[in-house]
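Chemist: For the sequence shown, position 253 matches number 639 in the working numbering, and the numbering has no gaps at all. Ideal placement from N, C-alpha and C gives every residue a C-beta, glycine not left out.
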Amino acid sequence: MGTTSFLTRARGLLRVRNQLVRECLAELLSTFVLIIITLSSSAQKITSFETKGNLLTSYLGGALAVMVGIYTAGGISGAHMNPAFSFAMCLMEQFPWWKFPIFVVVQTLGSFISAGAVYILYYGMGDQHWAREPHSDAGVARLMDMLCLCPPDAIWHYSNGTLTVSGPRETASIFATYPADYVSIANGFLDQVIGTGVLIVGVMGIMDTRNKGVPKGLEPVVVALLVLSIESSMGSNCGCPLNPARDIGPRLFTYVAGWGPEVFRLVEGRGRRGDGR
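1) Rounded to whole angstroms, what is the Cα-Cα separation between residue 405 and residue 469?
2) Of all the options 499, 472, 548, which has the alpha carbon lying nearest to the alpha carbon of residue 484?
3) What is the residue span of the alpha helix (DSSP H) that residue 487 lies within?
4) Anyone know if the C-beta pair for residue 492 and residue 413 falls short of 7 Å?
5) If you reduce the DSSP assignment to three classes, tell me which class residue 416 lands in.
6) Around the C-beta of residue 556, are 16 or more other C-beta atoms found within 10 angstroms, so that it is buried, or is it exposed?
7) For the region 565 to 614, list the alpha helix (DSSP H) runs that are entirely contained and at least 4 residues long, ordered along the chain.
8) Return the residue from the list 482, 567, 496 that minimises the CA-CA distance to residue 634.
9) Taking the C-alpha atoms as reference points, what is the distance between residue 429 and residue 595?
10) Which residues bound the alpha helix (DSSP H) around residue 632?
11) Mind checking which residues open and close the alpha helix (DSSP H) that includes residue 553?
12) Report yes if the CB atom of residue 449 is closer than 7 Å to the CB atom of residue 420, and no otherwise.
13) Here's the rule I'm using: 16 or more other beta-carbon atoms within 10 Å means buried, otherwise exposed. How should residue 501 be labelled?
14) Just checking my contact of residue 586 with residue 474 at CB under 8 Å: how many whole Å lie between their CB atoms?
15) Got a sec, what are the start and stop residues for the alpha helix (DSSP H) residue 454 sits in?
16) Leaving aside the five residues before and after residue 465 along the sequence, list all residues of the same chain whose C-beta is less than 6 Å from its C-beta, in chain order.
17) On a CA-only basis, which of 560, 463, 423, 390 is nearest residue 434? Give me that one, please.
18) Quick check: what's the CA-CA separation for residue 400 versus residue 597?
19) What are the boundary residues of the alpha helix (DSSP H) that includes residue 540?
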């Protein structure tokens with residue numbers, strides 16, 4: 387009885403009553419879930435030399451992550467998880483413009499935190515920790531070395547202890563998407579405009595009550611299938627991020643975690659896999 391009373395009081399104290407704060411926290415959580423599953427599916431594929439994952443599992447993980455994110459926060463914030471979708475909702479007058487920059491910041495922050503979680507999950511110290519050799523000059527990597535948060539594992543083993551953006555053992559594409567070598571800047575921009583446009587039109591069509599309705603509660607599943615169809619048909623040029631926050635947040639993390647400013651430069655040899663991931 388005492389335990390129940392304590393939990394009731396704790397829930398009352400921790401309850402967030404401000405609607406905007408509730409929406410921001412929900413958006414942060416749903417974006418975190420979306421990106422951590424998406425990046426982890428990419429990390430598993432790359433660091434296992436595609437023995438424990440392939441292009442299809444990577445795309446499937448990203449699509450199902452969208453579904454989980456919508457189920458997580460759809461009833462609170464709408465689970466936008468994507469600045470492009472928030473922008474479209476503003477244009478349709480279904481979302482207030484004053485909330486737009488707030489949601490963009492929250493979505494980017496959620497993506498950044500997710501990248502950090504995947505880094506901790508897949509990075510590890512490897513033999514360099516036990517030999518007391520610093521992994522790199524990056525503060526995040528040095529902190530990981532000192533704390534010894536992880537056992538020897540995937541990214542360190544795959545990259546031979548170096549965090550590179552290009553070359554046969556690059557690992558930057560675990561976190562952010564990069565264009566294939568043959569893609570120009572203009573074509574890459576057009577690729578993302580078309581892909582994101584198809585996503586937005588598809589989601590709007592699913593949400594439109596005047597269209598043939600999706601069974602109630604299964605809307606996230608249908609959106610996930612939409613994402614999977616776009617990834618499967620438009621992913622070869624740029625990796626099909628379709629989401630500015632999904633790319634900017636993890637890219638900023640790789641910049642501070644040790645990959646350096648090269649993550650913002652166009653370098654040949656990064657799109658060698660043809661999927662941009």
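Modeler: According to the structure data:
1) As a working mapping, residue 405 is identified with position 19 in the sequence shown. As a working mapping, residue 469 is identified with position 83 in the sequence shown. Between residue 405 and residue 469, the C-alpha separation is close to 20 Å.
2) Locating residue 484 in the sequence shown gives position 98, where the first residue counts as 1. Ranking 499, 472, 548 by Cα distance to residue 484 puts 472 first.
3) Position 101 of the sequence shown holds residue 487. Its alpha helix (DSSP H) spans residues 486 to 508.
4) Taking the sequence shown and counting its residues from 1, the one referred to as residue 492 is at position 106. Taking the sequence shown and counting its residues from 1, the one referred to as residue 413 is at position 27. A contact, by the Cβ cut-off of 7 Å.
5) In the sequence shown, counting from the first residue as 1, residue 416 sits at position 30. Three-state result, residue 416: helix.
6) Position 170 of the sequence shown, counted from the start, is the residue given in the question as residue 556. Buried, because 16 or more other Cβ atoms sit within 10 Å of the Cβ of residue 556.
7) 571 to 593
8) By 1-based counting over the sequence shown, the position of residue 634 is 248. Closest by alpha carbon: 496.
9) As a first step, residue 429 must be located in the sequence shown, where it is residue number 43. As a first step, residue 595 must be located in the sequence shown, where it is residue number 209. So the two alpha carbons sit approximately 38 Å from each other.
10) Residue mapping note: residue 632 aligns to position 246 of the sequence shown, counting from 1. Looking at the DSSP string, the run of the alpha helix (DSSP H) that includes residue 632 is 630 to 640.
11) For the purposes of this step, residue 553 is taken as residue 167 along the sequence shown, with counting starting at 1. Looking at the DSSP string, residue 553 is not in any alpha helix (DSSP H), and its letter there is neither H nor E.
12) Here residue 449 corresponds to residue number 63 of the sequence shown, with the count starting at 1. Here residue 420 corresponds to residue number 34 of the sequence shown, with the count starting at 1. No, the pair does not count as a contact, with Cβ atoms beyond the cut-off.
13) What you label residue 501 is simply residue 115 of the sequence shown in a count that begins at 1. Counting every other CB atom within 10 Å of its CB across the protein chains shown gives residue 501 a total of 16 or more, marking it as buried.
14) Locating residue 586 in the sequence shown gives position 200, counting from the first residue. Locating residue 474 in the sequence shown gives position 88, counting from the first residue. Contact annotation, residue 586 with residue 474: C-beta distance approximately 5 Å; criterion of less than 8 Å satisfied.
15) Position 68 of the sequence shown holds residue 454. From DSSP, the alpha helix (DSSP H) with residue 454 extends over 441 to 459.
16) Against the sequence shown, residue 465 aligns to sequence position 79. Only residues of its own chain outside the window of five on either side were considered, and among them 416, 455, 456, 459 have a CB closer than 6 Å to the CB of residue 465, listed in chain order.
17) Along the sequence shown, one-based indexing puts residue 434 at 48. Ranking 560, 463, 423, 390 by Cα distance to residue 434 puts 560 first.
18) Here residue 400 refers to the residue found at position 14 of the sequence shown. Here residue 597 refers to the residue found at position 211 of the sequence shown. When rounded, the distance between both Cα atoms is 41 Å.
19) As a working note, residue 540 is residue 154 in the sequence shown. According to the DSSP assignment, residue 540 belongs to the alpha helix (DSSP H) that extends over 540 to 545.
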